[in-house]
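The working numbering puts the first residue of the sequence shown at 47, with every later residue one more than the last.
We put the beta carbon where it would ideally sit given N, CA and C, even for glycine.
Written out below as structure tokens is the structure these notes cover.
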Amino acid sequence: MNLSNLRFNLTPEKKRHVMAMVVGTAVSWSVAGLMACSSALHAQKTDSLYQQLGGVAVITQVSDRTMDRVATDPRTKRTFEGIKLGYLKQSVAAYLCKVADGPCAYEGETMANSHADLKITGSEFDLMVETLREEINQTQAPNSAKNELLRRLAPTRRDIVKNS
Ligand code: HEM
């Protein structure tokens with residue numbers, strides 16, 4: 047059978063009806079597509095780094111695990127002797143939250159003041175950042191957010207390292 051010979055026997059009124067349905071469906075799909083795109087763009091634009099990282103629960107977990115590790119790692123533990131780790135973990139979590147534009151109040155000292163007497167070396171600093179990176183990598187946050195947090199912390203090196 048030759049398909050091109052097929053004819054639809056429609057009255058002019060039915061043809062108009064079919065055309066209206068086709069146009070209507072195309073318009074609905076385009077509007078739905080535009081709405082999906084604009085809501086994806088909106089989410090990208092408005093999610094703060096804090097939200098992208100997973101909020102306070104994820105930031106606290108990253109801080110806790112990082113501090114537990116650096117406070118016991120033979121290469122970094124010397125500065126943590128006699129320090130109240132529970133308080134320090136909370137303070138570091140609040141600091142990271144603030145750096146990520148989160149809704150936290152960081153009430154601690156500046157990075158320069160809080161590390162002034164510790165004589166922290168470049169390799170101690172790098173090890174802490176590496177530990178932080180490993181712990182962030184355990185989370186589900188997008189890579190761009192993980193890198194952005196580390197990028198924002200990088201300038202603290204010059205305030206913290208006093209013995210390079
Ligand atoms: C990106 C790197 C670092 C960040 C963001 C950071 C952040 C902080 C924060 C927020 C505090 C608390 C300040 C306060 O509550 O007043 C703190 C204190 C402290 N940090 Fe760091 N720190 C970093 C690197 C390091 C390194 C590399 C070491 C040692 C290996 C270290 C050892 C300490 C110690 C021992 C304290 C407690 C000081 C005290 O209470 O006298 N930090 N840090």
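N-terminal and C-terminal residue of the alpha helix (DSSP H) that residue i is part of
i	result
residue 179	168-183
residue 187	No alpha helix (DSSP H) contains residue 187, which DSSP labels as neither H nor E.
residue 99	95-99
residue 132	131-145
residue 205	203-206
residue 158	157-161
Near the ligand HEM: residue i beta-carbon under 6 Å from a heavy atom
i	result
residue 101	no
residue 131	no
residue 137	yes
residue 166	yes
residue 154	yes
residue 199	yes
residue 217	Limits of the chain in this structure are 47 at one end and 210 at the other, which puts residue 217 out of reach.
residue 174	yes
Cβ-Cβ distance between residue i and residue j below 7 Å
i	j	result
residue 157	residue 135	no
residue 152	residue 139	no
Residues bridged to residue i [DSSP beta-bridge criterion]
i	result
residue 104	Bridge partners of residue 104: none, in fact.
Should the segment 101-111 be called in touch with the segment 178-185, which here means at least 3 C-beta pairs below 8 Å?
Yes, the segment 101-111 is in contact with the segment 178-185.
Any contact between the segment 90-100 and the segment 139-154? By contact I mean 3 or more CB pairs, one from each, below 8 Å.
By the Cβ rule, the segment 90-100 counts as touching the segment 139-154, because three or more pairs are nearer than 8 Å.
Three CB pairs or more closer than 8 Å across the segment 202-209 and the segment 164-180
yes
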